[in-house]
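Under the working numbering, residue 228 is the last one in the sequence shown; the count climbs by one each step, no gaps.
Note that CB positions come from ideal geometry on N, CA and C, so glycine has one too.
The structure appears below as structure tokens.
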Amino acid sequence: MVQVLSAPGKYIQGAGALKDAGKFISNLGSHVMVIADAAVYDIAEQHLVSGSNELRYTVEKFGGECSKAEINRLKDITQQSGANVIAGFGGGKTLDTAKAVAYYSHLPVAVIPSIASTDAPCSALSVIYTESGEFEEYLLLPKNPDIVLLDTSVVVQAPARFLVAGIGDALATKFEAEASSKRQVTTMAGGKPSASALALADLCFNILLEYGEPARLAVERKVITPAV
Numbered sequence: 001m002v003q004v005l006s007a008p009g010k011y012i013q014g015a016g017a018l019k020d021a022g023k024f025i026s027n028l029g030s031h032v033m034v035i036a037d038a039a040v041y042d043i044a045e046q047h048l049v050s051g052s053n054e055l056r057y058t059v060e061k062f063g064g065e066c067s068k069a070e071i072n073r074l075k076d077i078t079q080q081s082g083a084n085v086i087a088g089f090g091g092g093k094t095l096d097t098a099k100a101v102a103y104y105s106h107l108p109v110a111v112i113p114s115i116a117s118t119d120a121p122c123s124a125l126s127v128i129y130t131e132s133g134e135f136e137e138y139l140l141l142p143k144n145p146d147i148v149l150l151d152t153s154v155v156v157q158a159p160a161r162f163l164v165a166g167i168g169d170a171l172a173t174k175f176e177a178e179a180s181s182k183r184q185v186t187t188m189a190g191g192k193p194s195a196s197a198l199a200l201a202d203l204c205f206n207i208l209l210e211y212g213e214p215a216r217l218a219v220e221r222k223v224i225t226p227a228v
């Protein structure tokens, strides 16, 4: 029986983490193709690009749908720019698109979520839609993102309903992990569930029970606290 634990290469979290993004991404490449959604496009240009002298940046606004057409459009821009690392900055569809562009371009990827509503930032998966927004297929990726960087000062600016959705999604992970372990299913990582994964799911559940409600209250007030 082979057990497999799959996770991002590096996870960074904290208030103001965005200003240190260049330091971490520079380990992956020297020219970053930033795919940013409309809600954080200005933040990307003001705080991500202008805050680093270590890297070259090309910033492109996400078109709004994680479709094959959008992935191909951004892949072409990446090739034309000469970028050698992808960074996705925004919500779930933006991040899924960035991961897909990196996969098809054979480049590393850094993921910078602007909301905490799903586990999309850390997953080895992109959900592909048609241009009209209908589900088309899952793109199973060979590995998780190389870097996940979450700046809590960005996340607290999003509506609290996104955090609440993320809390619900994360709470369910404990029971999903336990069910998978009990049945000894083969996971998307390619092996049986590990004891480490079960322990992390349980720890996540307990942290959310203790800090979930105070974190929601803090986000409603746009305040950064230890609970967030």
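Margin query: Just checking Y138 against the ligand COA - is the residue's beta carbon closer than 8 angstroms to any of the ligand's heavy atoms?
Written below: You won't find the ligand COA in this model; it holds no ligand whatsoever.
Checklist line | Cutoff 6 angstroms; reference A87; Cβ partners in own chain excluding five residues on either side | finding: For A87, where only same-chain residues beyond five positions count, the Cβ hits under 6 angstroms are V32, V34, A110.
Check: Given Y57, which residues of its chain have a CB within under 7 angstroms of its CB, disregarding the five upstream and five downstream residues?
Finding: If we look at Y57 and ignore the five residues flanking it on each side, its Cβ neighbours are V32, V34, V49.
Check: Whose C-alpha, out of C66, F205, D119, is nearest the C-alpha of L150?
Finding: Comparing Cα positions, the closest option is D119.
Checklist line | Inter-residue spacing [alpha-carbon to alpha-carbon] between K10 and A21 | finding: Approximately 12 angstroms between the Cα atoms of the pair.
Note to self: Which same chain residues end up closer than 8 angstroms to V164 when comparing Cβ atoms and leaving out the 5 residues on each side of it in sequence?
What the structure shows: Cβ neighbours of V164 within its own chain (closer than 8 angstroms, five residues either side excluded): R216.
Next item on the list: Out of V228, S194, M188, P226, state which residue places its alpha-carbon closest to the alpha-carbon of V2.
Entry: For V2, the closest alpha carbon among the candidates V228, S194, M188, P226 is that of S194.
Checklist line | Beta carbon of G91 nearer than 9 angstroms to that of S132 | finding: No; because the gap between Cβ atoms is not below 9 angstroms, this pair is not in contact.
Margin query: Please confirm whether D151 has its beta-carbon closer than 9 angstroms to some beta-carbon of chain B.
Written below: The chain inventory of the structure shown lacks chain B, comprising one protein chain alone.
Item checked: E54 versus Q13, Y41, Q79, K23, residue with shortest Cα-Cα distance -> Among Q13, Y41, Q79, K23, the Cα nearest to that of E54 belongs to K23.
Check: Cα separation between M188 and I147?
Finding: Each residue's Cα considered, the two are about 20 angstroms apart.
Margin query: Here's the rule: buried if 16 or more other CB atoms are within 10 angstroms of the residue's CB, otherwise exposed. What is G190?
Written below: By the neighbour-count criterion, in which 16 or more other beta carbons inside 10 Å mark a residue as buried, G190 falls on the exposed side.
Item checked: Candidates E65, A7, K75, of which the one nearest F135 by Cα -> Comparing Cα positions, the closest option is E65.
Next item on the list: Evaluate contact between the stretch 170–190 and the stretch 39–48, counting only Cβ atoms and requiring at least three cross-stretch pairs below 8 angstroms.
Entry: Per the Cβ contact rule, the stretch 170–190 is not in contact with the stretch 39–48 (fewer than 3 Cβ pairs under 8 angstroms).
Next item on the list: Quickly, what does DSSP pair K192 with across the bridge? List them, please.
Entry: K192 pairs with Q3.
Check: What runs of the alpha helix (DSSP H), each 4 residues or longer, lie entirely inside the stretch 136–203?
Finding: If only complete runs of 4 or more residues are kept, the stretch 136–203 shows the alpha helix (DSSP H) at 152–155, 160–183, in order along the chain.
Check: Could you give the uninterrupted runs of the alpha helix (DSSP H) lying entirely in the stretch 47–106, keeping only those of 4 residues or more?
Finding: Qualifying alpha helix (DSSP H) stretches, in chain order: 68–81, 92–105.
Notebook entry, point to check: Out of P8, N27, A15, which has the shortest C-alpha to C-alpha gap to I236?
Noted result: Outside the modelled stretch of the chain, which goes from 1 to 228, sits residue 236, for which no answer is possible.
Next item on the list: Could you tell me which of L200, A98, A170, L18 sits nearest to V85, measuring between CA atoms?
Entry: Out of L200, A98, A170, L18, A98 has the C-alpha closest to the C-alpha of V85.
Notebook entry, point to check: Between F205 and A227, what straight-line distance do the alpha-carbon atoms span, to the nearest angstrom?
Noted result: Our two residues, F205 and A227, have alpha carbons roughly 14 angstroms apart in a direct line.
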